[in-house]
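Chemist:
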Amino acid sequence: MGNDTLKRQRTLKASTSLSGIGLHTGNSCSLTFHPAPENHGIRFRRLDVPGSPSIPALIDHVVDISRGTTIGMGEVRVHTVEHVLAALAGLEIDNALIDLTASEPPVGDGSALPFIEALTSVGFEEQNAPKEYLEIEQTLIYHDDAKGIDLVVVPAPVFRITYMVDYRNPALGTQYTSMYDLAEEFVREYAAARTFCFLSEVEMLKEQGLIKGGSTDNALVILDRPVDPSEFDRLKALFGLQTEVSLGENGILDGKPLRYYNEPVRHKALDLIGDLALLGLPLRGHVLAARAGHAAHIELVRLIRKEYEKKKIIRSYQGKLSKDIIFDAAAISRLLPHRYPFLLVDRIVELSPGEQVAGLKCVTINEPFFQGHFPGYPIMPGVLVIEALGQAGGVLLLNSVDDPEKKLVFFTGLDEVRFRKPVLPGDQLFLKVEMEFFRRGLCRMKGKAYVNDTVVAEAVMSAVVRNREEA
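According to the working numbering, the sequence shown holds residues 212 to 682 in order.
#1: Could you tell me whether the segment 502 to 510 touches the segment 397 to 412, where touching means 3 or more Cβ pairs closer than 8 Å?
#2: Are there 16 or more other CB atoms within 10 angstroms of the CB of residue 246, so buried, or fewer, so exposed?
#3: Can you have a look at residue 248 and say buried or exposed, based on whether 16 or more other CB atoms are within 10 angstroms of its CB?
#4: Tell me the rounded alpha-carbon separation between residue 286 and residue 300.
#5: Mapping DSSP to helix, strand and coil, what is residue 159?
#6: Round the Cβ separation of residue 350 and residue 333 to the nearest angstrom and send it over; I've been treating them as touching at under 8 Å.
#7: Measuring only the C-alpha atoms, how far is residue 451 from residue 277?
#8: Could you tell me which uninterrupted alpha helix (DSSP H) segments, each at least 4 residues in length, are contained entirely in the segment 269 to 337, listed from first to last along the chain?
#9: Can you look up residue 565 in the DSSP assignment and give me helix, strand or coil?
#10: What's the C-alpha gap between residue 581 and residue 597?
#11: Buried or exposed, going by whether 16 or more other CB atoms sit within 10 Å of the CB of residue 749?
#12: Below 7 Å between beta carbons: does that hold for residue 672 and residue 605?
#13: Counting beta carbon pairs with one atom in the segment 338 to 349 and one in the segment 291 to 299, are three or more of them shorter than 8 Å?
#14: Are the CB atoms of residue 327 and residue 298 nearer to each other than 7 Å?
#15: Which term fits residue 617, buried or exposed, when burial requires 16 or more other beta carbons within 10 angstroms of its beta carbon?
#16: With C-beta atoms as the reference, is residue 570 less than 7 Å away from residue 642?
#17: When you compare the CB positions of residue 393 and residue 318, do they come within less than 7 Å of one another, or not?
#18: Closer than 6 Å by C-beta to residue 336: which residues in its own chain qualify, once you throw out the five before and the five after it? Chain order, please.
#19: Which of the three DSSP states, helix, strand or coil, is assigned to residue 627?
#20: Scan the segment 430 to 505 and note each continuous alpha helix (DSSP H) run of 4 residues or more that stays entirely inside, going in chain order.
#21: Compute the beta-carbon to beta-carbon distance between residue 411 and residue 436, rounded to the nearest angstrom, for a pair I have assumed lies under 8 Å.
#22: How close, in whole Å, do the beta carbons of residue 600 and residue 652 come, if the pair is a contact with beta carbons under 8 Å?
#23: Return the residue from the list 416, 464 and 505 that minimises the CA-CA distance to residue 439.
#24: Tell me the DSSP secondary structure of residue 632 in three-state form.
#25: Is there contact here, the segment 467 to 480 with the segment 441 to 448, by at least three beta-carbon pairs under 8 Å?
#26: For the alpha helix (DSSP H) containing residue 263, list its first residue and its last residue.
#27: In the DSSP output, what is residue 426 paired with across the bridge?
#28: Taking buried to mean at least 16 other C-beta atoms within 10 Å of its own C-beta, is residue 377 buried or exposed?
#29: Less than 7 Å between the beta carbons of residue 478 and residue 385, yes or no?
#30: Can you give the Cα-Cα distance for residue 282 and residue 316, rounded to whole angstroms?
#31: Evaluate residue 572 with the Cβ neighbour count: other Cβ atoms within 10 Å of its Cβ, from every protein chain shown; 16 or more gives buried, anything less gives exposed.
#32: With distance defined between alpha-carbon atoms, name the residue in 488, 553 and 565 nearest to residue 518.
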């Protein structure tokens, strides 16, 4: 996460529109890009839905990746947003409101070029707010062994992509592309790359009533099986061809010429740029992708976003990064309302926002409770071990809400409480808490306390988050 004082946020100088049909829904849609104020981000607004709800183009709102990337809130959806987002990201536009008259943007020719042309026709306006970047500071890896997918992001001073695909098809085979400069290369080398699919896949989807707007005018259909002349009439009707079916010497249905020698892998890079836009910030890092697709792209975006949220939290409360400590005692005291002698967490050493947290409590003979609790045989009270777990959980919970310094966590229930082993002076408690459920200020967390890898206590904790002034 960082700022570049030389670059400022960008929006459009004026509104601009285009119309067409959606690739998957086949619905006619008019799309209008509008200028938006600083820090607005990218939002899609459904004019055809009562109240005209808008959906931020952020990873938290991704609801489906089965055929393109779909975002949604409640029952409202916007399908196949990746080409629109790729155009905005490729032109480095930070703030825009996108009005739609249907649930899916126009597919155009299957690339980002129609959106690029509409956006460049009105020009851009630099805004006063500085552009913020999401900087990759350590290598992040997503791997799917079953599908042979690898995605790696490594630190780099600018945004770069290296993409490789490997298909068992002579029309495609192994293809590779690298983009080193978004501003210089995207419009010229990537924006016009069209979506592609295999004939057998398209036939199956068409017969299921899907990709209703798909045709050889908005996608490259790769021949992945022999086609008999007796099938020509069926294929002509299936794809709505106005002329006779042509198999094409290049292995593409209807003989569509390629715009780039490696157009399919360039379109993969285009899709990745659109999916990465769901981070909500431009990326500084080098993304290396092999045999990936929307599902893997989205998993990578989630991974990057978690790392960003973690660093954002650390900088807010810790002030500086440490290799072994997320929050020290001073940072914990800024986050939690507890104070000595009832602050029972010394350090936070692991944090995955919204998912899990790990903390340490060093138990010494100087703890005030040892004076009266079994003074001849000092044992840390079991309820205080659970309290320590609760406080660690409080760090996790408060970092899942906005303005945590204005919130308090109240525990409402304990279940499955078990005390496995006494905790003695000199022990170091390792406190591990995982989020099981969190919605509308209510949560359930599962915590375990360890000493030397042995569980000494555990509990399922229910809690509620409230504003301090309402508590």
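Built from N, CA and C at the ideal position, the CB exists for glycine as well.
It should be emphasised that the depicted structure is a prediction, and the values quoted were computed from it without experimental measurement.
Modeler: Judging by the given coordinates:
#1: Because the criterion of three Cβ pairs below 8 Å is not met, the segment 502 to 510 and the segment 397 to 412 do not touch.
#2: Looking at its Cβ environment, which holds 16 or more other Cβ atoms inside 10 Å, residue 246 is buried.
#3: Burial call: exposed.
#4: Between residue 286 and residue 300, the alpha-carbon positions lie close to 27 Å from each other.
#5: Past the edges of the chain, shown from 212 to 682, lies residue 159, and the structure says nothing about it.
#6: Not quite, the Cβ-Cβ distance comes to about 40 Å (not below 8 Å), so this is no contact.
#7: Cα to Cα, residue 451 sits roughly 24 Å from residue 277.
#8: 293 to 301 and 324 to 333, all fully within the segment 269 to 337.
#9: Coil at residue 565, not helix or strand.
#10: Pairing residue 581 with residue 597, the inter-Cα distance amounts to about 17 Å.
#11: Absent from the structure is residue 749, since the part of the chain shown begins at 212 and ends at 682.
#12: Inclusion of residue 672 and residue 605 in the CB contact set at 7 Å is not warranted, their separation being larger than that value.
#13: Inter-segment contact for the segment 291 to 299 and the segment 338 to 349 is absent: fewer than three beta-carbon pairs are separated by less than 8 Å.
#14: It is a contact, given that the beta carbons lie within the stated cut-off.
#15: Flag for residue 617 reads exposed.
#16: If you check the CB distance, residue 570 and residue 642 come in under 7 Å.
#17: In terms of Cβ geometry, residue 393 and residue 318 do not form a close pair [threshold 7 Å].
#18: Contacts found: 222 and 224.
#19: Residue 627: strand per DSSP, three-state reduction.
#20: Those alpha helix (DSSP H) runs which fall completely within the segment 430 to 505 and span 4+ residues are 443 to 450 and 474 to 487.
#21: Yes, residue 411 and residue 436 are in contact; Cβ-Cβ is about 6 Å, under 8 Å.
#22: The beta carbons of residue 600 and residue 652 sit about 20 Å from each other, so the pair does not count as a contact at 8 Å.
#23: Nearest of 416, 464 and 505 to residue 439, Cα basis: 464.
#24: Three-state result, residue 632: coil.
#25: Contact check between the segment 467 to 480 and the segment 441 to 448: fewer than three CB pairs, one atom from each, fall below 8 Å, which does not count as touching.
#26: The continuous stretches of alpha helix (DSSP H) do not include residue 263, and DSSP gives it neither H nor E.
#27: Per DSSP, none; premise fails for residue 426.
#28: It is exposed - the Cβ of residue 377 has fewer than 16 other Cβ atoms within 10 Å.
#29: If you check the CB distance, residue 478 and residue 385 do not come in under 7 Å.
#30: When rounded, the distance between both Cα atoms is 12 Å.
#31: So residue 572 ends up on the buried side.
#32: Comparing Cα positions, the closest option is 565.
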